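Notes for the one structure printed next.
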Amino acid sequence: MISVMDTNFVILADGLQSPSLGWIAWIIIGGLAGWIGSKIMKTDEQMGLIANIVVGIIGGFLGGWILSGLLNLDVEGGGWIFSFITCLIGACVLLFILKLIFGRNKTK
């Protein structure tokens with residue numbers, strides 16, 4: 014018997030299904046992670062909404078690479094909270110690297 018799995022779900026380790034995140038969810042998670050990451054890294058005054066979303070989404074890729082590639086953690090089946098934490102870690106790392114490269118803007 015062949016079973017077809019719905020592509021909108023991710024199979025977790027215990028066999029339960031969790032809904033996969035759509036692109037709107039990634040924008041929301043990325044925006045929140047980028048905004049909170051910019052608050053943590055004290056770059057919020059320099060960034061707007063679009064920059065927060067971009068930093069959060071790129072941070073998601075970077076965080077996923079760090080957690081799965083370097084630390085060998087399974088980041089695909091973690092759900093909303095783990096996805097947010099992954100994006101937040103990646104956003105903070107990305108902002109730290111950008112601050113090293115470009116320095117801080119000395120405004121007033």
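Going by the working numbering, the letters in the sequence shown line up with residues 14 to 121, in that order.
Every residue, glycine too, gets a C-beta built ideally from N, C-alpha and C.
Computed from a predicted structure; not experimentally measured.
Task: Inter-stretch contact (C-beta, 8 Å, three-pair minimum) for the segment 77-90 and the segment 37-54 - done: no
Open item on the list: I need the boundaries of the alpha helix (DSSP H) containing Val106, first residue and last residue.
Closed with: Stepping through the sequence shown from its first residue, residue 106 is reached at position 93. From DSSP, the alpha helix (DSSP H) with Val106 extends over 92-115.
Task: Assigned secondary structure, Asp57 (DSSP; H/G/I helix, E/B strand, else coil) - done: Along the sequence shown, read from residue 1 onward, the residue named residue 57 stands at position 44. Correct three-state label for Asp57: helix.
TODO: Take Leu84 as the anchor and find which of Ile102, Leu62, Gly43 has the nearest alpha-carbon.
DONE: Translated into the one-based positions of the sequence shown, residue 84 becomes position 71. Of Ile102, Leu62, Gly43, the residue nearest in Cα terms is Ile102.
Task: Contact under 8 Å by Cβ, Gly43 with Ile63 - done: Looking up residue 43 in the sequence shown gives position 30. Looking up residue 63 in the sequence shown gives position 50. Not in contact: Gly43 and Ile63 (Cβ atoms no closer than 8 Å).
Task: Gly35 vs Gly69 beta-carbon contact at 8 Å - done: Within the sequence shown, the letter at position 22 stands for residue 35. Within the sequence shown, the letter at position 56 stands for residue 69. Going by C-beta atoms, Gly35 is not nearer than 8 Å to Gly69.
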